[in-house]
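Protein chains in written order, with the numbering used here: chain A, 1 to 398; chain B, 1 to 289.
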């Protein structure tokens, strides 16, 4: 900016402070077009809303947050390219973004090489330990530790695992099988369908002949709509053979219709109906900003509260010290009263302490929260691998 | 016993959806030789029409079927007039043009209707399940099967017993000679394209309560449809029927004993092997060359 006539990239990065002209730039990297745009758009909206809220209340110690919004178009290669642009050319101090694991893996090298900071709001399969990512979504142990025993006790020990054929369902199932083994329950089938698969009649036939007590579904995307609608068309009954999911949020239910989702269970740290003053404020603000028919869900809630964690961390720093690594150090152990309840960033692995809840879907498309874990749960991204542990120094064998 | 019945029913249900989606393609490809890559988008538009009529006007699915057929047929007619008829006998160009049309249609739908996944409510009278010989099946899936067979029969009768069908068969064998006998082949092509598009639209509307409705949904169906047509034999309606039955039952059975991922792969391998040794497909019309 000071070197007129030179391409910006030639100037020495270290000589430029991240906070300049009364503003700090952050990157917002959610797909606004392409296959996952539907869900990522809601994350973009929650992120921008949180930034607007903070700016309207005077910013961070007088500094305004300026979002630089890029559209990576649901394509991992474009994610990496846009991340490079946000970090190198826009000199953002942090980037908030991405939904799928594939896109997170694509941007990871950019942030690790440039020592920048990436904030990832989605629940995911764990098994990752990066010093340059703050993970604000749930990992398998947080969603399953309460959920699986609860379902075994309530419905029984014969489990059918069905998932989409990629990394996320397999890792979730690895942990699920471990828990089931400890509970003396039996996995009668573990099956994966291709991504985008929409014909579940054979699978439903197997449900009929195997008669599992619980169907643990990690089917994602438009497949989940087809699975639920065909389950219902086949006349199966959620009261005796419920589907249990870690990904079916208000957003998916809106796509499949409340009648098809009713009676099935989801475990998540946040549901739209959760009764807290923070959530009431969040839902009201979201609807008045983006439209009265919009739903909030557990990923958009994380996208929202992670901006507030960012703000708290930056507020602890002097303007001249603001930088990605300083923010990372400052956010360790930071707590925030999010719509789901109090959350905290674990200093060791940069994941969040969250309070999982079990919800049952109702025909109106909302969930009824049946139980809530007694305390917040520690994030353990390597829960299925007891001899590995993610620490502040990196991954350790124990 | 009930296991065998329910397995056959599952296969039939898969077959009926394949038949519905492939029938329109088989007609268009068989008669005009146009490889219509926008076929999946006709299916998608049919599903969107069903969603639109239901959510905006409150029409039940059954009531809107005839309207959807006419709407998509009209669209097919327009596309034939505007684009396709200039490209007959230029196979590569039609592939490109129809592919481009497909991409445009997807984006137009995304821009106007939004990218969200949609669903269509099943007709309440068909939302239960039925017992057949000890096996249970969804009433709606049986309904789809009946409609698919009905449409096939209607198409076959038109092809076989009407003078229009006779003309179509003549054109299929040799367009130039048929024209020299006074058959208006341009009009026949246009009607065929419209009819094929209409059937695709109907297919989309009929599967919409079982699947999710999204702008990209057509791409998977166009692949399935081509599989059926290639295996069945390009100019044979009976071949289309037989190959959807074979593919549906086989993939149902394989998926039951392994899983859908393996079933899909094995079916594709089988098709590759079959067309290696029988490139004309299972049913090839006997024509004196």
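Positions of the beta carbon are idealized from the N, C-alpha and C atoms, including for glycine.
- Looking only at 141/A, 117/A, 133/A and 120/A, the smallest Cα-Cα distance to residue 180/A is reached by 141/A.
- For residue 108/A, the uninterrupted alpha helix (DSSP H) segment begins and ends at 101-113.
- Under the rule that a run must span 4 or more residues, the alpha helix (DSSP H) segments found entirely inside the stretch 37-125 of chain B read 39-57, 61-82 and 91-113.
- Contact check between the stretch 41-53 of chain A and the stretch 274-293 of chain A: three or more CB pairs, one atom from each, fall below 8 angstroms, which counts as touching.
- Counting of Cβ neighbours within 10 angstroms places residue 206/A among the buried residues, the total reaching 16 or more.
- With a threshold of 7 angstroms between beta carbons, residue 248/B makes no contact with chain A.
- Contact check between the stretch 7-22 of chain B and the stretch 139-149 of chain B: three or more CB pairs, one atom from each, fall below 8 angstroms, which counts as touching.
- In this structure, DSSP gives residue 276/A a state outside helix and strand, which the three-state scheme calls coil.
- Between residue 138/A and residue 370/A, the gap from beta carbon to beta carbon reaches 7 angstroms or more.
- Taking the CA atoms as reference points, residue 263/B sits about 30 angstroms from residue 266/A.
- For the stretch 179-198 of chain A, the beta-carbon criterion of a distance under 7 angstroms to any beta-carbon of chain B is satisfied by 191, 192, 193, 194, 196, 197 and 198.
- Nearest CB-CB separation between residue 243/B and chain A: not below the 7 angstroms threshold.
- Here the C-alpha atom of residue 40/A lies approximately 20 angstroms from the C-alpha atom of residue 245/A.
- The beta carbon of residue 41/B sits no closer than 7 angstroms to any beta carbon of chain A.
- For residue 252/B, the nearest CB of chain A lies under 7 angstroms from its own CB, placing it at the interface with that chain.
- Under DSSP, residue 67/A takes part in a beta bridge, and its partners are 26/A.
- Contact check for residue 350/A against residue 162/A fails: the beta carbons are separated by 7 angstroms or more.
- Looking at the DSSP output, residue 243/A shares a beta bridge with 215/A.
- When Cβ-Cβ separations below 7 angstroms define contact, residue 265/B makes no contact with chain A.
- Proximity of the stretch 203-223 of chain B to the stretch 11-22 of chain B meets the contact definition, three or more beta-carbon pairs being nearer than 8 angstroms.
- Annotation for residue 36/B: 28 and 98 place their beta carbon closer than 6 angstroms to its own, counting only its chain and skipping 5 residues before and after.
- Contact annotation: in the stretch 249-269 of chain A, residues whose CB is within less than 7 angstroms of a CB in chain B are 255, 256 and 257.
- Measuring C-alpha to C-alpha distances from residue 215/A to each of 67/A, 25/A, 238/A and 17/A identifies 238/A as the nearest.
- By the criterion of a C-beta distance shorter than 6 angstroms, residue 333/A is surrounded in its chain by 347, once the five residues flanking it on both sides are discounted.
- Under the three-state reduction of DSSP output, residue 395/A falls in the strand class.
- One thing to note: residue 269/A has its Cβ within 7 angstroms of the Cβ of residue 298/A.
- Of the residues 202/A, 243/A, 148/A and 318/A, the one whose Cα lies closest to the Cα of residue 264/A is 243/A.
- Residues of chain B whose Cβ lies closer than 7 angstroms to the Cβ of residue 230/A are, in chain order, 210.
- The straight-line gap separating the alpha-carbon atoms of residue 72/A and residue 301/A is approximately 21 angstroms.
- For residue 195/B, same chain residues with a beta-carbon under 7 angstroms away, outside a window of 5 residues either side, are 27 and 73 in chain order.
- Residue 397/A sits exposed, since fewer than 16 C-beta atoms from the chains shown fall within 10 Å of its C-beta.
- Residue 32/B places its beta carbon less than 7 angstroms from that of residue 192/B.
- Following the DSSP letters along the chain, one finds residue 183/A in no beta strand (DSSP E), marked with neither H nor E.
- In terms of beta-carbon proximity, residue 167/A stays away from the interface with chain B, with every pair separated by 7 angstroms or more.
- Note on residue 197/A: 16 or more other CB atoms within 10 angstroms of its CB, so buried under the neighbour-count rule.
- Rounded to the nearest angstrom, the gap between the Cα atoms of residue 387/A and residue 148/A is 22 angstroms.
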